[in-house]
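With my numbering as the guide, the letters of the sequence shown map in order to residues 1268 to 1566.
We treat Cβ as the ideally placed atom computed from N, Cα and C, and that holds for glycine.
Only a predicted model underlies this, so the values are computations on that prediction, with no experimental measurement involved.
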Amino acid sequence: MKLKLAALTVALLASSGAFAQASDTVAKVKASGVVTMGVRDSSGALSYTLGDGKYAGYHVEICQRVIANLEKAVGRKLEIKYLPVTSQNRIPLVQNGTVDIECGSTTNNATRQKDVSFLPTTFVEEVRIAVKANSGITSIAQLNGKNVATTTGTTSVQTLRKNERAQGIDFKEVFGKDHSDSFLLLESGRADAFVMDGSILAGNIATAKNPADFKIVGEVLSVEPIAIMVRKDDAALKKIGEDTIKGLIKTGEINKLWDKWFMQPIPPKNSRVGLAVSDSTKAAWANPNDKPMEDYAKK
């Protein structure tokens, strides 16, 4: 009986230790030598695939800078594994330890802050509408009776519903599994509009077969802070991430990264997104913080 109790105690201690390490990425990657970065296939210039398992973008590069400082903290070179995530699974994969740092296009809001932590906001997004240039649609009021695409698991779904209630617009929502799928709904005519973050719309238009066939129109539907995710209560990695981002801001390097990914031609097609940094993003850089979108709505 004593042996069984002793074995149970050891097992419980081992499991509690494993649980603690799951929340401590620094200890985890120091032991394994591997860090897993969650990336997106088609989140505009924030995070996108180059093919053959390679990823690039503004947030991908910021995360690479964070990982470089993580390597200094653990005193060893780390293998970076790139794991594509979707709007639906990105938060669960961070929570369960499959992904150590998520570098896509995630809105920081109060609900999500209950499940994960966010690094300081590096991008403030404006949700807009993309349509075909010859559609005649110029505002959300003209979406009445139309098919409107958005991506499953994104905050734009709530934005659509909010506007539907407020203005009495009756439209049908059609869902893409990821942003490229949603844009394809617009491109193929199965949707009359695609409502999403402006940078994602601009990125998908820039890489379309005929970019001139599309345009971004209408009013700003919401303003949302976009940030990099880490596990909840993962204080050590959050501190490394915060210090990295504040360093990029202090040295002006973040301005260079913005210019590189949003104003200059980017691979693989050497297309240019042409998205100038907004006043809202500049304000976030001037006062680095992890405030949720609800705080922006109070303004």
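Just to check my reading of the structure: residue i and residue j have Cβ atoms closer than 8 Å, yes? What is that Cβ distance to the nearest angstrom?
i        : j        : result
Asn-1356 : Ala-1494 : Going by Cβ atoms, the distance from Asn-1356 to Ala-1494 rounds to 18 Å, so no, they are not a contact pair.
Thr-1365 : Thr-1417 : The pair is not a contact, with the Cβ atoms about 26 Å apart (cut-off 8 Å).
Ala-1312 : Phe-1529 : 6 Å
Lys-1413 : Asp-1459 : 4 Å
Asp-1291 : Ala-1503 : 6 Å
Gly-1485 : Thr-1405 : 6 Å
Ser-1423 : Val-1394 : 6 Å
Gly-1371 : Ser-1310 : 5 Å
If you draw a straight line from the C-alpha of residue i to the C-alpha of residue j, how long is it?
i        : j        : result
Asn-1430 : Gly-1514 : 38 Å
Val-1544 : Val-1490 : 14 Å
Leu-1410 : Gly-1318 : 35 Å
Pro-1559 : Ala-1294 : 28 Å
Gly-1300 : Thr-1421 : 32 Å
Val-1497 : Thr-1518 : 24 Å
Pro-1387 : Gln-1434 : 34 Å
Ser-1402 : His-1446 : 21 Å
Thr-1426 : Leu-1488 : 7 Å
Pro-1555 : Lys-1439 : 38 Å
Arg-1379 : Val-1341 : 29 Å
Ile-1329 : Glu-1561 : 25 Å
Asp-1437 : Ala-1408 : 10 Å
Val-1383 : Gln-1362 : 7 Å
Leu-1350 : Thr-1316 : 11 Å
Arg-1457 : Ala-1400 : 15 Å
Ser-1538 : Leu-1452 : 22 Å
Lys-1536 : Ala-1473 : 9 Å
Lys-1348 : Lys-1444 : 23 Å
Pro-1353 : Lys-1321 : It should be pointed out that residue 1353 corresponds to Thr in this sequence rather than to Pro. Going by the C-alpha atoms only, they are around 16 Å apart.
Val-1296 : Lys-1527 : 30 Å
Arg-1332 : Glu-1338 : 10 Å
Ile-1483 : Ser-1466 : 10 Å
Leu-1468 : Tyr-1325 : 15 Å
Ile-1533 : Ser-1314 : 12 Å
Tyr-1563 : Ala-1475 : 32 Å
Thr-1215 : Val-1327 : Lying before the first or after the last residue shown, residue 1215 is absent from the chain, which here runs from 1268 to 1566.
Ala-1377 : Ile-1358 : 14 Å
Thr-1548 : Phe-1385 : 16 Å
Assign residue i to one of two classes, buried (16 or more other C-beta atoms within 10 Å of its C-beta) or exposed (fewer than that).
i        : result
Glu-1520 : exposed
Asn-1471 : buried
Lys-1523 : exposed
Arg-1307 : buried
Arg-1298 : The question names Arg, yet the displayed sequence has Ala at residue 1298. Classification of Ala-1298: exposed, given that the 10 Å Cβ count is below 16.
Thr-1511 : buried
Asp-1546 : exposed
Arg-1428 : exposed
Asp-1464 : buried
Glu-1266 : The first residue shown for the chain is 1268 and the last is 1566, placing residue 1266 beyond what the model contains.
Lys-1505 : buried
Gly-1541 : exposed
Gly-1508 : buried
Glu-1346 : exposed
Asp-1501 : buried
Ala-1335 : exposed
Ala-1551 : buried
Pro-1492 : buried
Terminal residues of the continuous alpha helix (DSSP H) containing residue i?
i        : result
Ile-1521 : 1520–1525
Phe-1438 : Counting along the chain, Phe-1438 falls outside any alpha helix (DSSP H), and DSSP gives it neither H nor E.
Phe-1450 : 1446–1454
Ile-1358 : 1357–1362
Lys-1297 : 1292–1299
Ala-1564 : 1560–1564
On the DSSP letters alone, give me the boundaries of the beta strand (DSSP E) that residue i sits inside.
i        : result
Ile-1467 : Premise fails: Ile-1467 lies in the alpha helix (DSSP H), 1465–1473, not in any beta strand (DSSP E).
Ser-1547 : No beta strand (DSSP E) holds Ser-1547; the alpha helix (DSSP H) holding it covers 1546–1553.
Ala-1543 : Per DSSP, Ala-1543 belongs to no beta strand (DSSP E) and is neither H nor E.
Asn-1477 : From DSSP, Asn-1477 is part of no beta strand (DSSP E); its letter is neither H nor E.
Ser-1384 : 1383–1385
Thr-1417 : 1414–1418
In this structure, what does DSSP give as the bridge partners for residue i?
i        : result
Met-1304 : Tyr-1349 and Ile-1368
Tyr-1322 : Thr-1316
Ser-1310 : Ser-1314
Glu-1393 : Val-1490
Gly-1443 : Thr-1418
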